[in-house]
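Its first residue numbered 3, the sequence shown is counted upward by one per residue in the working numbering.
Don't be surprised by glycine CBs; every beta carbon is placed ideally from N, CA and C.
Keep in mind the model is a prediction, meaning the values are calculated, not measured.
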Amino acid sequence: MSEAPLVRYEVSRGVATLTLDSPRNRNALSRALVTQLLERLNAVGADSSVRAVVLAATGPAFCAGADLSEMADGGAAKAPGVLLDVLRTIVTLPQPVVAKVAGQVRAGGIGIVGACDVAVVAESVKFAFTEARIGVTPAVISLTTLPHLTSRAASRYFLTGEAFDAAEAARIGLITSAVSDASLDGAVEQILETFRVSSPQGLRETKQLVASGLRARIDAGGAEMVALSGRLFASEEAQEGMLAFLERRPPAWAAPK
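Pasting the structure below:
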């Protein structure tokens, strides 16, 4: 029997919904999940009947970021480049992409939200750029998040790794809107209805227009950010940070309380 897919793909009334479905590890960006996500995104891009795309997730987390169990086990070399492929594919899809976020978002997951054209988030959701806490930096995901954020917000949340809620995410420009948990489905559906009555050509050309800045930023800085991320993840300090996280203990370099 084949294993259940980690990314489900459904099309209804011209909208493709891609659902991250690996709740056991909080939809972390494992090699298997990312491979399936890229496959589904490419299938969507080639389907002229699809007017728009929704990215959603099952479980308590939309995406926990990198799968640290894989990163700590020699996966640091390829993972940043594969994440860059995901972000660029979202940005360059011909269809608008809506992030429908009902669960917590960390690190690389925030980069995915930033790559989407519209991000609608339940008010109970919390975000955190946790990279600095394990010895790395939000290198690759800076390409799709820094353009949205105020500089002061980026400095605070990139450096501290502290959690912030959906209302704050909307205030600093990271997401489009924060809505009550009960109204999330309706808020997303309202946006999708506007896409269904819009011209396919109009949507396609407008998507390319509004995403051109992110696309240019990815193309210009992607290789440098992938190299930086790979170097830091492979460092002794980051390896200790990831191991400490997995073992639920303070890293050796943490200041004593």
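- Counting only residues of its own chain and dropping the five nearest sequence neighbours on each side, V120 has a CB closer than 8 Å to the CB of P98, V99, V100, A101, T178 and I193.
- E195 sits exposed, since fewer than 16 C-beta atoms from the chains shown fall within 10 Å of its C-beta.
- Per DSSP, reduced to three states, the secondary structure at K259 is coil, with no helix or strand assignment.
- Beyond the five residues adjoining it in sequence on each side, E242 comes within less than 6 Å, by CB distance, of P253 and A254 in the same chain, given in chain order.
- Scanning A180, R33 and L89 for the CA closest to the CA of G105 turns up A180.
- Rounded to the nearest angstrom, the gap between the Cα atoms of A54 and G111 is 20 Å.
- Sequence-distant partners of V93 (beyond 5 residues in either direction) whose C-beta falls short of 6 Å from its own C-beta, in its chain, are A117, A213, L216 and R217.
- The region 155 to 163 makes contact with the region 126 to 135, as at least three CB pairs between them are under 8 Å.
- Beta-carbon to beta-carbon, D167 and K128 are separated by about 6 Å, close enough to satisfy the 8 Å threshold.
- Separation of L151 and V138 (C-alpha to C-alpha, rounded to the nearest whole angstrom) is 20 Å.
- The beta carbon of R219 sits closer than 7 Å to the beta carbons of L145 and P149 from its chain, once the five residues preceding and following it are set aside; these are given in chain order.
- Here the alpha carbons of D49 and T60 stand approximately 24 Å from one another.
- If you check the CB distance, I143 and M244 do not come in under 8 Å.
- Taken in chain order, the complete alpha helix (DSSP H) segments of 4 residues or longer contained in the region 172 to 245 are 186 to 198, 202 to 212 and 214 to 235.
- DSSP, read as helix, strand or coil, puts E12 in strand.
- Counting only runs of at least 3 residues, the region 69 to 105 fully encloses the following beta strand (DSSP E) elements, listed from N- to C-terminal order: 99 to 103.
- With contacts defined as CB atoms closer than 8 Å, S71 and A141 fail to qualify as a contacting pair.
- Of the candidates G67, P96 and T91, the residue whose Cα lies closest to the Cα of R108 is G67.
- In the structure shown, T37 adopts helical secondary structure according to DSSP, grouped into three states.
- When DSSP states are grouped into helix, strand and coil, A66 belongs to the coil group.
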